[in-house]
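Under my numbering, the letters of the sequence shown match residues 15 to 236, in that order.
Heads up: the structure comes next, in structure tokens.
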Amino acid sequence: MIKKICFILLLYSTSYFSQDLAKGFIYLSDIDSSIQSELRYYSNNNFIGKPIDGYKNDCVILTKQTALALKKIQTELKKQGLSLKIFDAYRPQKAVDHFVKWAKVLNDTLMKKEYYPSLPKSELFKQGYIASKSGHTRGSTVDLTIINIKTGKELDMGSPYDFFGVQSHPFHENISKTQKENRMLLRKVMLAQNFIPYKNEWWHFTLSNEPFRNQYFNFNIE
């Protein structure tokens with residue numbers, strides 16, 4: 015009788031806290047629960063300084079193909095005492111629209127010092143940091159880093175996640191040898207599983223054979 019009650023409660027809790035995802039999408043935790051995450055757009059710790067539209071929970075959603083590729087990478091990293099850490103994955107179009115709306119309000123510079131200290135906010139569109147469409151909305155793009163499992167600390171990549179500036183370019187020269195090596199480690203493991211890096215951001219990768227190349231989704235992250 016107790017087992018039956020527990021089973022019913024489990025079904026209830028699962029249906030209450032999760033959602034029916036779009037076909038082809040999956041929760042990363044269902045594929046590999048050891049991969050760490052910190053969805054910055056679910057918090058105030060991002061370049062806008064407040065939670066972003068569509069982020070209702072700190073859970074990572076991706077296309078199934080992308081999640082399976084990340085699982086393979088995680089398996090290799092764990093042999094070295096390391097782990098992936100996800101900052102952003104699937105991103106609803108309403109979140110992208112939030113970015114665009116914010117970028118047009120030039121006097122809203124709450125997080126300028128942390129994220130774009132040397133760049134006028136009016137330049138964010140021109141230099142490609144903000145756009146009306148994002149590969150994240152197709153579900154096969156991830157922003158991520160590597161952490162030391164024992165300490166829980168992120169490897170030093172030479173610039174913070176989402177920093178708008180040349181310091182975030184993968185091959186930026188004015189960083190230390192260790193920082194360069196850490197960036198190249200991340201790049202190497204991602205390339206090995208057919209992820210394509212982005213030239214302006216060391217943390218940004220897209221699965222080369224993404225299943226929804228021309229589709230943009232708008233369901234909430236919850």
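The beta-carbon is built from N, C-alpha and C at its ideal position, and this holds for glycine as well.
Secondary structure of Y55, DSSP reduced to three states: One-based indexing of the sequence shown puts residue 55 at position 41. Of the three classes helix, strand and coil, the one that applies to Y55 here is helix, per DSSP.
Pair within 8 Å by beta-carbon distance, G38 and K85: On the sequence shown, position 24 is the one that residue 38 refers to. On the sequence shown, position 71 is the one that residue 85 refers to. Taking C-beta atoms as the reference points, G38 and K85 fail to come closer than 8 Å.
Anticipated Cβ contact below 8 Å, P184 with R201, distance rounded: Start at 1 with the first residue of the sequence shown, and residue 184 comes out as number 170. Start at 1 with the first residue of the sequence shown, and residue 201 comes out as number 187. Distance from P184 to R201 at the Cβ level is roughly 6 Å; contact confirmed, criterion being Cβ atoms closer than 8 Å.
Whole runs of the beta strand (DSSP E) within the stretch 79-126, excluding any shorter than 3 residues: Within the stretch 79-126, the complete beta strand (DSSP E) runs of at least 3 residues are 96-102.
Cβ separation of L35 and F101, assumed to be a contact under 8 Å, to the nearest whole Å: Taking the sequence shown and counting its residues from 1, the one referred to as residue 35 is at position 21. Taking the sequence shown and counting its residues from 1, the one referred to as residue 101 is at position 87. Wrong, their Cβ atoms sit about 20 Å apart, outside the cutoff.
8 Å Cβ cutoff met for F209 and Q107: Here residue 209 refers to the residue found at position 195 of the sequence shown. Here residue 107 refers to the residue found at position 93 of the sequence shown. At a Cβ-Cβ threshold of 8 Å, F209 and Q107 do not count as neighbours.
8 Å CB neighbourhood of L120 in its chain, flanking five on each side removed: Start at 1 with the first residue of the sequence shown, and residue 120 comes out as number 106. The residues K135, S136, in chain order, have a CB closer than 8 Å to that of L120 in the same chain once the five nearest residues on each side in sequence are set aside.
The stretch 136-153 touching the stretch 81-99, judged by at least three CB pairs closer than 8 Å: Here the stretch 136-153 makes no contact with the stretch 81-99; the two share fewer than three CB pairs at distances below 8 Å.
Proximity winner among D111, L42, I62, relative to L98 (alpha-carbon distances): Residue mapping note: residue 98 aligns to position 84 of the sequence shown, counting from 1. With distances taken between Cα atoms, L98 lies closest to L42.
Rounded separation between Y129 and E52 - CA only: As a first step, residue 129 must be located in the sequence shown, where it is residue number 115. As a first step, residue 52 must be located in the sequence shown, where it is residue number 38. So the alpha carbons of these two residues sit roughly 17 Å apart.
Cα-Cα separation between L76 and R105, rounded to whole angstroms: Position 62 of the sequence shown, counting from 1, holds the residue named residue 76. Position 91 of the sequence shown, counting from 1, holds the residue named residue 105. Straight-line Cα distance between these residues: approximately 9 Å.
Q181 vs S190 beta-carbon contact at 8 Å: What you label residue 181 is simply residue 167 of the sequence shown in a count that begins at 1. What you label residue 190 is simply residue 176 of the sequence shown in a count that begins at 1. Between Q181 and S190, the gap from beta carbon to beta carbon reaches 8 Å or more.
Contacting residues, own chain, Cβ-Cβ under 6 Å from N58 (five flanking each side not counted): Taking the first residue of the sequence shown as position 1, residue 58 is located at position 44. Taken in chain order, the residues that qualify are K64.
Spatial distance of F113 from P211 (CA atoms): As a working mapping, residue 113 is identified with position 99 in the sequence shown. As a working mapping, residue 211 is identified with position 197 in the sequence shown. Roughly 22 Å separates the two Cα atoms.
Identity of the residues DSSP links to H218 by a beta bridge: Within the sequence shown, numbered from 1, the residue matching residue 218 stands at position 204. In the DSSP output, where bridge partners are listed per residue, H218 has D157.
Supposed contact pair A83 and Q207 - C-beta distance, whole angstroms, cut 8 Å: Position 193 of the sequence shown holds residue 207. Position 69 of the sequence shown holds residue 83. Contact between Q207 and A83 holds, since their C-beta atoms are separated by about 4 Å, short of 8 Å.
Whether K167 touches V110 by CB criterion (8 Å): Here residue 167 is taken as the residue at index 153 of the sequence shown, counted from 1. Here residue 110 is taken as the residue at index 96 of the sequence shown, counted from 1. In this structure, V110 does not lie closer than 8 Å to K167 by Cβ.
Where D176 falls, given that 16 or more other Cβ within 10 Å makes a residue buried: Reading the sequence shown from its first residue, position 162 is the one you call residue 176. The residue is buried, with at least 16 neighbouring Cβ atoms inside 10 Å.
Reduced DSSP category for Y129 - H, G, I as helix; E, B as strand; rest coil: Here residue 129 corresponds to residue number 115 of the sequence shown, with the count starting at 1. Y129 falls in the helix class under three-state DSSP.
Exposed unless 16 or more other CB atoms sit within 10 angstroms - verdict on Q229: Here residue 229 corresponds to residue number 215 of the sequence shown, with the count starting at 1. By the Cβ-count criterion, Q229 is exposed, with fewer than 16 other Cβ atoms from all chains shown falling within 10 Å of its own Cβ.
8 Å Cβ cutoff met for T220 and G153: Residue numbering aside, residue 220 sits at position 206 when the sequence shown is read from its first letter. Residue numbering aside, residue 153 sits at position 139 when the sequence shown is read from its first letter. Taking 8 Å as the Cβ cut-off, T220 and G153 do not qualify as a contacting pair.
N162 (DSSP reduced to helix, strand or coil): Position 148 of the sequence shown holds residue 162. DSSP places N162 in strand when its eight states are reduced to three.
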